[in-house]
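Right, one structure below, let's go through it.
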Amino acid sequence: MTLLHEPDYGTPASTSPESIDVVVDGIPVSVPVGTSVMRAAAEAGVGVPKLCATDSLQPFGSCRLCLVEIDGKKGTPASCTTPCEPGMVVRTQTPRVEELRRNVMELYISDHPLDCLTCPANGDCELQDMAGVVGLREVRYGYEGENHLDGPTDSSNPYFSFDESKCIVCSRCVRACDEIQGTLALTIVGRGFDSKVSPGGRSFFDSECVSCGACVQACPTATLEEKSVIDLGMPTRTVQTTCAYCGVGCSFNAELRGDELVRMVPTKDGGANEGHSCVKGRFAWGYATHTDRVLTPLVRASIDEPWREASWEEAISYAADRIRDIQSRHGVDSVGGITSSRCTNEEVFVVQKMIRAAFGTNNVDTCARVCHSPTGYGLKQTFGTSAGTQDFKSVAQADVIMVIGANPTDAHPVFGSRMKRRLREGARLIVVDPRRIDLVRSPHIESDYHLQLQPGTNVAVVNAMGHVVATEGLIHRDFVADRCDPTTFAAWEEFIRQPENSPEAVEAITGVPAEELRAAARLYAAGPNAAIYYGLGVTEHSQGSTMVMAMANLAMATGNIGRDGVGVNPLRGQNNVQGSCDMGSFPHEFSGYRHVSDDAVREQFEALWGAELRGDPGMRIPNMLDAAVMGEFKALFVQGEDLAQSDPNTQHVQRALESMELVIVQDLFLNETARYAHVFLPGTSFLEKDGTFTNAERRINRVRPVMASKTGKQEWEVTCDLATALGYPMHYDSSSQIMDEIAGLTPTFAGVSFSLLDEVGSVQWPCNAEHPLGTPIMHVEGFVRGKGAFQVTPFVPTDERTTRRYPLVLTTGRILSQYNVGAQTRRTANVAWHDEDVLDIHESDAEARGIADGSWVTIASRVGTTVMRANVTDRVPPGVVYTTFHFPDSGANVITTEYSDWATNCPEYKVTAVEVTPTLRGPEASTVVAGAESVHA
Amino acid sequence: MAGQIATNCVGLTDEQAVARITEHLRSFWTPAMIDELSDFDREHPGDLDPRVSTALSRLAA
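Read top to bottom, the protein sequences are chains A and V. Counted the way the numbering used here counts, the first sequence spans residues 6 to 942. Counted the way the numbering used here counts, the second sequence spans residues -11 to 49.
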């Protein structure tokens, strides 16, 4: 249930291009073939009473409330399950159906608590509404008979409760879990009067439920209700905004009482999510008002001193004076900054503007360095643009889906649900991953091929697929001839046909049986629509960029670019990592991915910004850290990032930060990086921001303030104040003005404005005169660079090798309930599901080392050691171990190395040689919340 | 890092590799980083991949 009652047409829309005409209550209406009578009535403005039907789910016909009369048809069919026929004449209100509906409602109400006035759904209950609509005035059965009024309440889930006494067994929740989420955690047990909803015979918390909230949203009564509504009461107003967790970028209605957030409800019109959500976006927003939030600027002269509260003026002035002092002694390039992948486009844009125009250096970089920078490099080299090619909806047209180095059901859950829906419809699936991710086998889904490769051999596997395509006559020659550069194609074809690229030649190093690899390649090439979805298991390697180009080669060679259902789709991790890159956060590019050395582009920025700008590339994050250790880089502005936890080789990061004279952190909490900071500028949560995020499908969504800034300032205002204090006046009246500046300087954003987004909801860039409403699918008529450029992609093994001392390979990833460094999710009830990082280890490796499930283990690499609990599992193959990085205490990055992608320095998180040994004790100060330093002197 | 770039030029002719390395350094490295590598090359002749040395010479020209 929701406060904002978006129109519910009862059954899903038909996509048929043909129409038929029917008459409902005397009103003629034309509807697509396949439309239900219920939906046709709704289209005609006639509401048919309903309880089990809702337009996000397939019709079920169980409640018997939507009965109608149809001329020429016997009886009173259910309008939800009856398709329209040409010339049909429907009557929704006749004495006969009205009496039947009242009888049905009598039965429902005879077995339902009559506590409406104290029920949490009071005023927002469809059962209540329908009782009124059908004109129920008495319940002739009384309430003394057998009933379910003493049904128990399951409150095991931290966010919602299931009150069995109020359940009308409409099965909307079961169907929502099946059709929308695809987890199939719920079922109806028992028959007849004994029927009831069950999460598999266990509590909700202990079941397979992933707490996405789809059942809560679908429930027409108070049976499934948010605990926040039970505690606080019904919301009274709503603000539409965008989730700040992953790169799906779900649209939500934030429902409030005053400025107190009651619940987040996914919007049906959300371009990325279309009414669905996951546990994080739906429920885990409590961090925004957590007591750990720092709301006042802090300063200190040395990191050995305690923090001291300061006014904004003092903190800004102190920071500016220190920056200028450092530059006067060590040079202009001794300072730099890192933009956030979680802040808005507008906030990021002004930070990189400050660094370039006010600091006077191009030493600006972003979190994408450590995740999808190879995507930017690889897709730019091949296609001409640093972003994915499709929208999320495109997966519905895919015939073959290849998931490489990604785990969408955990890391991009709402998109994962879309993918599962398509797979249940029959699309074929190839999974390329060392681990057995859920997609390999889960309810109603099984991969056709799981290429369980050895970590570090991605390029060999995809090259081998390309070899099969080239040598078995599977190249789409017409597409290649029409759309691709012939010279680069010829070079690639000659390269890929070499015997050393064959599946047989690489089998020994990849661990993938040659025949299986050949079969997978043939399946992909056959399509007809084959799509690649990939994640950090591709990019976070020493050949991350090479792998992106290899996938692009494969897609071009098989003609899988430029239409629905195909493409090369990076699943970008963070809510605005795409936007951060778009906004010119890289040291070598202005916004829109134009090189700083491009005189015409630079002069355009200089003219508007009124400052001379550098034409040479600045330092990347790894370069800044190395230079800091060398004593040459002295000051760093860190916007919304926690590199002391998220970046590899923690000891090196710590040494670098300690070496600096000034570290400025702008964030919500005192995080690991803030331990080394001298100035802390409190930031705003997404609930307080006013701006835009750009998701993984290039979709620009509005982020609207749900509550006033708890710090008293917007983050972009703070950045402007700092720039001004540095002698570079920067002022905007609103964040909308910042977007106007972005649009004026960035061709791919030329048509974007807050007013456009308010009008149409969201747009996918490029959005310009040629595409005023955006571009869902790219490279349709031609590649952005003109002709697609094949790249020769030789496999070069990583320098990180297993040894006798470190015989296992560690790879890392994410889990559903936690998010990245956990700064947000560790401060919510999500810790109930995952309160520590654990190490997945194969049973044979565990047995050989005397490791028991749940016991403490030491994980050691050549760089460092850490301690975690072991989870003995067969999800990982022998020789591979796996962990997540959500908790600072687990120190996953204490053991990751300095190796990185050759082109972009993206760290090779996915391949670290380790040994795992039993240990008696866990890590010191084990806690589920990041340590918060005292802010008082 | 420069050596890694050169290593990933497997399959290219020397001239193609030099062109790729040159373009990469020009596009993504700071002038200070290029100078530092050039100094290293002068002080330790033969230690770098020869294609990297050639690329550095082209950048200096």
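Beta carbons: idealized from backbone N, C-alpha and C, even for Gly.
query                                                                                                                                                                                            : result
Whole angstroms is fine: what's the gap from A:Arg708's alpha carbon to A:Gln245's?                                                                                                              : Here the sequence assigns Val to residue 708 of chain A, which means Arg is not the residue at that position. Approximately 8 angstroms between the Cα atoms of the pair.
Would V:Phe16 count as contacting chain A if we go by Cβ distances under 7 angstroms?                                                                                                            : yes
Between the Cα of A:Asn412 and the Cα atoms of A:Thr349, A:Cys175, A:Pro533 and A:Leu576, which residue gives the shortest distance?                                                             : A:Leu576
At a Cβ threshold of 7 angstroms, is A:Asp621 touching chain V?                                                                                                                                  : yes
Hey, A:Gln186 and A:Val215 are a contact pair by Cβ (cut 8 angstroms); roughly how many whole angstroms apart?                                                                                   : 7 angstroms
With DSSP as the reference, label A:Arg488 as helix, strand or coil.                                                                                                                             : helix
Below 6 angstroms CB to CB, which residues in the same chain sit around A:Lys694 once its five sequence neighbours on both sides are set aside?                                                  : Thr349 and Val708
Could you tell me the distance, in whole angstroms, from the CA atom of A:Arg832 to the CA atom of A:Arg268?                                                                                     : 17 angstroms
What residues from chain V crowd round A:Thr551, counting only those whose CB sits closer than 8 angstroms?                                                                                      : Asn(-4)
Please tell me whether A:Asp76 and A:Gly15 are closer than 7 angstroms, where the distance is taken between their beta carbons.                                                                  : no
So, A:Val464 versus A:Thr551, is the Cβ gap smaller than 7 angstroms?                                                                                                                            : yes
State buried or exposed for A:Asn278, treating a residue as buried only when at least 16 other CB atoms are found within 10 Å of its CB.                                                         : buried
Thinking C-beta only, is A:Ala392 closer than 7 angstroms to A:Asp703?                                                                                                                           : The question names Asp, but residue 703 of chain A is Arg in the sequence shown. Going by C-beta atoms, A:Arg703 is nearer than 7 angstroms to A:Ala392.
At 7 angstroms on the CB atoms, spell out the chain A contacts of V:Leu47, in chain order.                                                                                                       : Under the 7 angstroms cutoff, chain A gives no residues; its nearest Cβ is about 12 angstroms from V:Leu47.
Is there a Cβ from chain V that is less than 7 angstroms from the Cβ of A:Met407?                                                                                                                : no
Opposite A:Tyr539 in the DSSP bridges: which residues?                                                                                                                                           : A:Ile409 and A:Pro575
Taking the Cβ atom as the reference point for each residue, do A:Arg440 and A:Val881 lie within a distance shorter than 7 angstroms?                                                             : yes
Is the Cβ of A:Glu23 closer than 7 angstroms to any Cβ of chain V?                                                                                                                               : no
Closer than 8 angstroms by beta-carbon distance: list the chain A residues that pair up with V:Met25, in chain order.                                                                            : The residue you asked about is not Met; residue 25 of chain V is Leu in the sequence shown. What V:Leu25 touches in chain A: nothing, since even the nearest Cβ is about 12 angstroms away.
In three-state DSSP terms, what is A:Leu778?                                                                                                                                                     : coil
I'd like the span of the alpha helix (DSSP H) that includes A:Ala325, first residue to last.                                                                                                     : Trp317 to His335
With a threshold of 7 angstroms on Cβ separation, who are the neighbours of A:Ser507 within its own chain once the five nearest residues in sequence on each side are excluded?                  : Ala469 and His472
Interface residues of chain A around V:Leu0 at Cβ under 8 angstroms?                                                                                                                             : Val797
Show which residues of chain V have a CB atom less than 8 angstroms away from the CB atom of A:Val801.                                                                                           : Thr(-5), Asn(-4) and Val(-2)
Below 7 angstroms between beta carbons: does that hold for A:Ser208 and A:Ser161?                                                                                                                : yes
Going along chain V, which residues have a C-beta under 8 angstroms from A:His335?                                                                                                               : Chain V residues near A:His335: none, gap ~12 angstroms exceeds 8 angstroms.
Please name the residue in A:Val42, A:Gly584, A:Thr247 and A:Asp842 whose C-alpha comes closest to that of A:Gly92.                                                                              : A:Val42
Count the C-beta pairs between the segment 517 to 535 of chain A and the segment 495 to 505 of chain A that are closer than 8 angstroms, then say yes if the count reaches three, no if not.     : no
Which residues of chain A have a Cβ atom closer than 7 angstroms to the Cβ of V:Pro19, listed in chain order?                                                                                    : Asp621
Identify every run of the alpha helix (DSSP H) within the segment 270 to 324 of chain A, keeping only runs that are complete inside it and at least 4 residues long; order them along the chain. : 284 to 288
Listing by chain order, which chain V residues have their CB less than 7 angstroms from the CB of A:His546?                                                                                      : Here the premise fails: no neighbours, minimum Cβ distance about 12 angstroms.
Per DSSP, what are the beta-bridge partners of A:Gln457 in this structure?                                                                                                                       : According to DSSP, which records beta bridges pairwise, A:Gln457 is partnered with nothing at all.
Tell me which residues share the same chain as A:Tyr146 and place their Cβ nearer than 8 angstroms to its Cβ, disregarding the 5 neighbours each side in the sequence.                           : Glu111, Leu112 and Ser115
Measure from the alpha carbon of A:Ile409 to the alpha carbon of each residue in A:Ser905, A:Pro163, A:Val757 and A:Gly540, then state which is nearest.                                         : A:Gly540
Tell me the DSSP secondary structure of A:Lys201 in three-state form.                                                                                                                            : strand
Given that A:Trp907 touches chain V, what residues does it touch there, using C-beta distances under 8 angstroms?                                                                                : Met(-11), Gln(-8), Ile(-7), Thr(-5) and Asn(-4)
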